[in-house]
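Here is the structure we will look at, set down as structure tokens.
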Amino acid sequence: MVFRYLILGVTALSCFVHNVKADDCIPGNVLNLKIHVDGNLTWSVNPTEPCTVDSFQVDVEGDREDSYHVRVYRTFVDLSFLKTCEQWRFVVTPVSRGIFGHAIRLIDWIPLPANSDLSLDYFNLTVVGRNDVLARWELKNRTHGDCTLGYRVAITDRTTSLIRDVYVTGRSTHLNLSPCVPYHITIRAVNVAIGGIEGPLLSQFLEIPAFPEDPPQLRDIHVGPTYIHTTWRLENFIRNRCPVQNFYLDCGALFNYTLVVDDPDGRPPVRVNVTGLQPNTIYYLKASVENSGGISDSVSLAVQTLELDPGAA
Ligand SMILES: *[C@@H]1O[C@H](CO)[C@@H](O)[C@H](O)[C@H]1NC(C)=O
Ligand SMILES: *[C@@H]1O[C@H](CO)[C@@H](O)[C@H](O)[C@H]1NC(C)=O
Ligand SMILES: *[C@@H]1O[C@H](CO)[C@@H](O)[C@H](O)[C@H]1NC(C)=O
Ligand SMILES: *[C@@H]1O[C@H](CO)[C@@H](O)[C@H](O)[C@H]1NC(C)=O
Ligand SMILES: *[C@@H]1O[C@H](CO)[C@@H](O)[C@H](O)[C@H]1NC(C)=O
């Protein structure tokens, strides 16, 4: 989430400005370069550093062509005046008796301060598809930016009281939800830089309207001379929780078969056995399923019954 990396290198300066002599001691790079929440830039000298490091050159460059250069004699410098949520490049070069050593570079943000206002202006939910809800929100005050903010969206299914947390960044996200479930959805900003300080909560109630199922899928079929035994998989109940009522098998002018489905937990497959058929005949079947959102599209199937087994006749 937070853009952060370290680059090691030799300062170009050390090669050109100073005439390095064979007996000069060139310090190695410093360690643990870090920018803290309060804008304190700190580092440490390698305990095995052979040179006597007497000062540090600190060069700071922002992404808006602003920069700051200072020579310090301790292993920290107060940079709390830099703008938060601007990306800065911090370069620290140890100096030993005027000789510049190896530089180390850190690219990071000054995180949002602990007292920044994390209130949200609005939290809007829009149903854009059967399983797709677009959530949008905005900070009330963007003065400090939002570089170290995450947002915690908590989705409560009010029929089961189960809660699901989603962590997101930015100002919008798509939530994958099911129709026919009453949800309570909350959001709050979290400043991840400061041990997760949380802002005030906004919430919405939402229920995606009932939607027909996807067409059933044939899972298993057994064909005999006078029967067709079928097993059908219905759409997963996690994607569509609208209660299933009927299963239809349509064979045009010959017969129509309706199976009442009680839609138990987990929505197991539906078995339909058609009997009393003519041997060696092609039957055109169309299967569909009805739930509280209506009747699904149908799936078609042509099945030829077997010839009568002369031995069994
Ligand atoms: C910065 O950090 C150093 C080392 O931890 C500490 O000694 C110093 O007091 C800090 N400065 C500020 C302004 O917090
Ligand atoms: C959010 O919802 C409110 C109230 O319905 C509306 O006034 C506002 O324009 C919406 N904002 C966005 C960005 O959709
Ligand atoms: C936003 O926050 C800044 C800094 O805390 C403050 O100076 C400013 O007045 C705030 N703006 C609004 C509109 O609240
Ligand atoms: C079965 O239903 C279909 C359409 O739903 C209809 O065209 C057909 O006549 C019905 N067949 C019988 C035997 O009722
Ligand atoms: C359908 O037939 C199979 C045997 O092929 C049988 O195990 C099953 O119980 C039958 N199902 C129904 C609903 O009649």
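With mature numbering (1 follows the signal peptide of the UniProt record, and there is no 0) applied, the sequence shown covers -22 to -1, 1 to 291. Just so it is clear, CB atoms sit at the ideal spot from N, CA and C, and this is done for glycine as well.
| Asked | Found |
| --- | --- |
| Local Cβ density within 10 Å of ALA231, reported as buried at 16 or more and exposed below that | exposed |
| VAL238 versus PRO257, VAL267, VAL252, residue with shortest Cα-Cα distance | VAL267 |
| Heavy atom of ligand 1 within 7 Å of ASP56 beta-carbon | yes |
| Straight-line Cα distance separating LEU19 from LYS12 | 6 Å |
| Check: ASN169 C-beta below 7 Å from any heavy atom of ligand 3 | no |
| LEU263 to ASN109 span [Cα, whole Å] | 29 Å |
| Cβ contact check for the region 245 to 252 and the region 161 to 177: 3 or more pairs under 8 Å | no |
| Residues near GLY17 in its chain [Cβ-Cβ closer than 8 Å; skip 5 each side] | ASP56, LEU57, SER58, PHE59, LEU60, ILE88 |
| Any non-hydrogen atom of ligand 1 within 7 Å of ASP192 CB | no |
| At least 3 beta-carbon pairs within less than 8 Å: the region 110 to 126 vs the region 91 to 99 | yes |
| Beta-carbon proximity list for TYR(-18), same chain, < 7 Å, skipping 5 on both sides | Low confidence applies to TYR(-18): its pLDDT is 40, below 50, so where it sits in the model is not reliable, and the reading given next is rough at best. Taken in chain order, the residues that qualify are ILE85. |
| TYR129 Cβ short of 7 Å to ligand 2 heavy atom set | no |
| Three CB pairs or more closer than 8 Å across the region 24 to 36 and the region 69 to 83 | yes |
| Candidates HIS152, VAL38, PHE54, of which the one nearest HIS14 by Cα | PHE54 |
| As assigned by DSSP and simplified to three states, the class of ILE172 | helix |
| HIS200 versus VAL281: straight-line alpha-carbon distance, rounded | 10 Å |
| DSSP three-state assignment for GLU285, whether helix, strand or coil | coil |
| Per DSSP, cross-strand counterpart(s) of TYR145 | ARG130 |
| Cut-off 7 Å between Cβ atoms - residues of its own chain near LEU9, not counting five sequence neighbours on either side | TRP21, SER22, ASN24 |
| Sub-8 Å separation of PHE189 and ASN218 beta-carbons | yes |
| beta-carbon THR20 near ligand 1 non-hydrogen atom, thresh 7 Å | yes |
| Chain-ordered list of residues that sit, by beta carbon, closer than 5 Å to a heavy atom of ligand 2 | TYR100, ASN102 |
| C-beta atoms of LEU155 and ILE165 nearer than 8 Å | no |
| Close Cβ partners of VAL146 (< 6 Å) along its chain, the five nearest in sequence each way excluded | TYR129 |
| Sequence-distant residues of its chain with Cβ nearer than 6 Å to TYR46 (five each side left out) | VAL38 |
| Proximity below 8 Å, CB of CYS158 to CB of CYS220 | yes |
| One or two residues paired with GLN195 in a DSSP bridge | ARG211 |
| Extent of the continuous beta strand (DSSP E) run through THR253 | Counting along the chain, THR253 falls outside any beta strand (DSSP E), and DSSP gives it neither H nor E. |
| Residue burial classification, VAL106 (beta-carbon count within 10 angstroms, cutoff 16) | exposed |
| PRO247 and THR283 closer than 8 Å at C-beta | no |
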